[in-house]
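Those letters in the sequence shown? Residues 1 to 368, by the UniProt record's numbering. To start, the structure under review is shown below, and the notes come after it.
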Amino acid sequence: MRLREWTMEEQEQLIHFLTTNTWPFHGNAHPERDLIEKTIEEGGYESDEVKTFWVQTDDEEIVGIVKIYDLQDEIPLFDLRIADRYRGFGYGPQALRLITEFVFGLPEEKIRLEGHTRQDNLAMRKTFERAGFVKEAHLRKAWFSPKENSYYDAVTYGMTREDFLAGTTTPVHWEDEEHKTRKKKRIPDFPSQFESERLIIRMPEVGDALDVWNAIRNSLPALRNWMPFAQQQPELHVTEENLRESIADFITRKDLRLHLFSKETGEFVGSTGLHRIDWSIPKFEIGYWVDTKFEGKGYITEAVERLTAFAFEELGARRVEIRCDEENVRSRAVAERAGYELEGVLKQDSLSADGSSLRNTCIYAKIK
């Protein structure tokens, strides 16, 4: 991999990159063209204080972009962004190591390099750690999210010149750490794609939007009784936005939506995933729906069985649930075929998909 300096002649390419990817942990998750053009005009991407680089593979494929700023100071900062489709493949840590080499290779001999992120941005925090950066601060309610109109905790990571030159990582020793005995549950690393006998099961991509949109439209009569999202004809832009949110949730491990594709034809079959996650146990709930043209072929049962194994074997699950409307005979049959035990029925526990009546909820589960 390498960093290639961005030029003003690549303005359109920069705008396209920033507007076609999702940035859930930045102040503006979906920047618009006008704002980017104004920032470019004001020197926000190229000046004495700022340099911008494309992050490229050895085959010159662009996987991200980085802006390094405050270059006239002894302590520069940076903003690293990896494109949606390339997240989860280790490009972030590689890019950050290249950024570090660039900064500490400057003739001014910078003292340190630092970066900030939201406390729940687990992907970026892991990138810092894998590149040898040290967590140096945790600032409560210091990161404002305009979209959610709320504040989040922020964290700061840093790399000193001494550590860079020595190839070492020097942790910060906090006085209060000596009195802590409880260890936090670590979220395990796991792949974003795996397979069953007939299916490819992977995290969603923005490029799946048309497939998902068409599958929902084709399946509305069957889905409408059970799925709140199927109460009206979907709009493509809403499906795309929903996918962007799902990708962000997958990256941060809040929710693990997964798409199903036929190995034989490559067609989109349906959707499943692990929801209502409690990593402290860990426990998960499996949800699913299928394009009606693939109904009756056992794809969902196959996916649930594989996803159940994935949860127990890869994620260390102690409990996996399937919850469904008592009247949803097909969904209940999937749970039973996959070997889940009916633990109980919650009376008048939820509303019907259209919100018009109270329903009973069946709780199926497997435990370890």
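Positions of the beta carbon are idealized from the N, C-alpha and C atoms, including for glycine.
With 16 other CB atoms within 10 Å as the buried threshold, where does residue i fall?
| i | result |
| --- | --- |
| GLU169 | Looking at the sequence itself, residue 169 is Thr, so the reference to Glu does not match. Per the 10 Å Cβ criterion, exposed. |
| PHE89 | exposed |
| GLU267 | exposed |
| ASN360 | exposed |
| ASN21 | buried |
| CYS362 | buried |
| GLN72 | exposed |
| PRO221 | exposed |
| GLY167 | exposed |
| MET124 | buried |
| GLN94 | buried |
| GLU114 | buried |
| GLU302 | buried |
| SER331 | buried |
| TRP143 | buried |
| LYS366 | buried |
| THR272 | buried |
| LYS180 | Summary for LYS180: the model assigns pLDDT 48, below 50, so the residue's position carries little reliability; its value from the coordinates is reported in the next sentence. With fewer than 16 other Cβ atoms within 10 Å, it is exposed. |
| ARG182 | Residue placement at ARG182 is flagged as unreliable, the pLDDT there being 47, under the threshold of 50; the coordinate-derived value follows with that caveat. The residue is exposed, with fewer than 16 neighbouring Cβ atoms inside 10 Å. |
| LEU351 | exposed |
| LEU260 | buried |
| LEU342 | exposed |
| THR19 | exposed |
Check the C-beta distance from residue i over to residue j and give it rounded, since I have them as a contact under 8 Å.
| i | j | result |
| --- | --- | --- |
| VAL269 | VAL290 | 6 Å |
| VAL304 | VAL334 | 6 Å |
| LEU14 | TRP23 | Rounded, the Cβ-Cβ distance is 14 Å, inconsistent with contact. |
| MET1 | ASP59 | Going by Cβ atoms, the distance from MET1 to ASP59 rounds to 10 Å, so no, they are not a contact pair. |
| PRO234 | ILE216 | 5 Å |
| TRP213 | LEU199 | Not confirmed; about 20 Å, so no contact. |
| ARG81 | ILE99 | Contact doesn't hold; Cβ gap of about 12 Å is too wide. |
| LEU77 | TYR86 | Actually they are not in contact, since the Cβ atoms of LEU77 and TYR86 sit about 23 Å apart, beyond 8 Å. |
| ILE75 | ARG112 | 5 Å |
| ARG118 | TYR151 | Not quite, the Cβ-Cβ distance comes to about 10 Å (not below 8 Å), so this is no contact. |
| TYR288 | ILE277 | Not confirmed; about 16 Å, so no contact. |
| ILE322 | ILE286 | 5 Å |
| LEU243 | LEU274 | In fact, because the Cβ distance is near 17 Å, the residues do not count as touching under 8 Å. |
Does the ligand NAP have a heavy atom nearer than 8 Å to the CB of residue i?
| i | result |
| --- | --- |
| GLY344 | The ligand NAP is absent from the structure shown, which contains no ligand whatsoever. |
First and last residue of the alpha helix (DSSP H) that includes residue i?
| i | result |
| --- | --- |
| ALA309 | 299 to 314 |
| THR39 | 33 to 41 |
| THR20 | 11 to 20 |
| THR127 | 122 to 130 |
Measure from the C-beta of residue i to each C-beta in chain B and report whether the shortest distance is under 9 Å.
| i | result |
| --- | --- |
| ARG330 | Going by chain labels, chain B is absent from the structure shown, which holds only one protein chain. |
Which two residues bound the contiguous beta strand (DSSP E) that contains residue i?
| i | result |
| --- | --- |
| GLN56 | 51 to 56 |
| GLU5 | 2 to 5 |
| GLN193 | 193 to 195 |
| ARG202 | 199 to 202 |
**Report entry** At least three beta-carbon pairs within less than 8 Å, the segment 189 to 203 to the segment 305 to 315
**Finding:** Short answer: they touch.
Report task. Quick one: which unbroken alpha helix (DSSP H) runs of 4-plus residues sit fully inside the segment 137 to 183? Chain order, please. Result -> 161 to 166
Report task. Return the chain-ordered ranges of every beta strand (DSSP E) run that is complete within the UniProt domain "N-acetyltransferase" (210 to 368) and spans a minimum of 3 residues. Result -> Every beta strand (DSSP E) stretch that sits fully inside the UniProt domain "N-acetyltransferase" (210 to 368) and reaches 3 residues is listed by chain position as 256 to 262, 268 to 278, 283 to 290, 319 to 325, 341 to 351 and 358 to 367.
Query - Three or more C-beta pairs below 8 Å linking the segment 92 to 103 and the segment 135 to 143 - result: no
**Report entry** Inter-stretch contact (C-beta, 8 Å, three-pair minimum) for the segment 244 to 257 and the segment 197 to 217
**Finding:** yes
Report task. Count the CB pairs spanning the segment 26 to 41 and the segment 158 to 167 that are closer than 8 Å, and state whether there are at least three. Result -> no
Query raised in the report: Which runs of the beta strand (DSSP E) fall wholly inside the segment 63 to 113 and span at least 3 residues, in chain order?
Result: Look at the segment 63 to 113 and you find these whole runs of beta strand (DSSP E), each 3 residues long or longer: 77 to 82.
Query raised in the report: Are at least three pairs of beta-carbons, each pair with one atom in the segment 128 to 137 and one in the segment 48 to 55, less than 8 Å apart?
Result: They do not touch, by the three-pair rule.
Query - Stretch pair the segment 255 to 263 + the segment 222 to 238: three plus CB contacts closer than 8 Å - result: no
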